[in-house]
Amino acid sequence: MFSKLSNVMFTRFFASLSAAKKIAYLAVFIALSVVVNSFIEISTPSTKITFTYFVCFFAGFLLGPLPGFLVGFLGDAIGFLLVPQEVYWLFGLTLGLFGMAAGFVRKLPLRGKAGVFGKAVMALLINYLFITCFLNSVVNYSYLYIFLPHMVEGKTFWVFLAGRLVTQTIVYAVNAAAVAVVLSVFVTTKLLGFFKEEFAVRAEVSLQKSHEAKTF
Numbered sequence: 006m007f008s009k010l011s012n013v014m015f016t017r018f019f020a021s022l023s024a025a026k027k028i029a030y031l032a033v034f035i036a037l038s039v040v041v042n043s044f045i046e047i048s049t050p051s052t053k054i055t056f057t058y059f060v061c062f063f064a065g066f067l068l069g070p071l072p073g074f075l076v077g078f079l080g081d082a083i084g085f086l087l088v089p090q091e092v093y094w095l096f097g098l099t100l101g102l103f104g105m106a107a108g109f110v111r112k113l114p115l116r117g118k119a120g121v122f123g124k125a126v127m128a129l130l131i132n133y134l135f136i137t138c139f140l141n142s143v144v145n146y147s148y149l150y151i152f153l154p155h156m157v158e159g160k161t162f163w164v165f166l167a168g169r170l171v172t173q174t175i176v177y178a179v180n181a182a183a184v185a186v187v188l189s190v191f192v193t194t195k196l197l198g199f200f201k202e203e204f205a206v207r208a209e210v211s212l213q214k215s216h217e218a219k220t221f
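Quick note, in the numbering used here, the sequence shown goes up one by one and the last residue is 221.
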């Protein structure tokens, strides 16, 4: 039972680690999530760019759905404790779902470099449409409507959504570009063996074909 749950909720890489290493990886990602949530941002005339999506994506994609959720949720919660806001709304729930979705997409049976990048593109697209465009917009609009009604006075949800997506699409594009750069490094160098399972099957197939050719 535990083995089946582990296969669903963790990547093969993360599941193979000792308990101490699992805790260490989670601690590092949660710390990164806290930092990008509360302390690191790029201010522009129209919006503030943070790298929360970047961290949550890799937490889920490299470690699995459950670690992805924990990193997004706990990173936001701890960030609030360190840098409190006037009213706290559990935005970490949507960030947790972002990381979890990336982890589940990683489970798709696509192999090789093309498979890794294909799954990354799918995860980023799904999360953009479902989390950024829909769920986060609903949460943000509800938050403003309940706690800061003057900021949405006279605005329907759809008007609010249109204005929000103009800036959030820029933020998301920056995060997606950062993901592409770092993912390329991981895949090209095979750093730490994060994608060993994708390449292992391909290597086995190549070895089998080579053996068959020699036999023939």
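A virtual CB, placed ideally from N, CA and C, is assigned to each residue, including glycine. These numbers were taken from a predicted model, which means no experiment stands behind them.
Asked: Exposure label - I47; buried when at least 16 CB within 10 Å; Found: exposed
Asked: K214 to Q173 span [Cα, whole Å]; Found: Caution applies to K214, whose pLDDT of 49 falls short of 50 and renders its modelled position unreliable; the value that the coordinates give is listed next. Those two C-alpha atoms are separated by around 48 Å.
Asked: Cut-off 7 Å between Cβ atoms - residues of its own chain near F56, not counting five sequence neighbours on either side; Found: V41, I45, N180 and A183
Asked: Alpha-carbon to alpha-carbon, L67 and T16; Found: 7 Å
Asked: Opposing strand residues paired with S11 [DSSP bridges]; Found: BP columns for S11 are empty, so no partner.
Asked: Sequence-distant residues of its chain with Cβ nearer than 8 Å to V190 (five each side left out); Found: L196
Asked: Segments of 4+ residues assigned as alpha helix (DSSP H) that fall wholly inside the stretch 61 to 109; Found: 70 to 87
Asked: Top-ranked residue by Cα proximity to V121, from V187, V13 and L102; Found: V187
Asked: Cβ-Cβ distance between A107 and G168 below 7 Å; Found: no
Asked: Alpha carbon of L100 to alpha carbon of A205, nearest angstrom; Found: 31 Å
Asked: Three-way DSSP call (helix, strand, coil) for K53 in this model; Found: strand
Asked: Of the residues F199, F63 and N145, the one placed nearest L98, counting alpha carbons only; Found: N145
Asked: Beta-carbon separation (whole angstroms), S38 vs G77, contact threshold 8 Å; Found: 7 Å
Asked: First and last residue of the uninterrupted alpha helix (DSSP H) at F122; Found: G117 to N132
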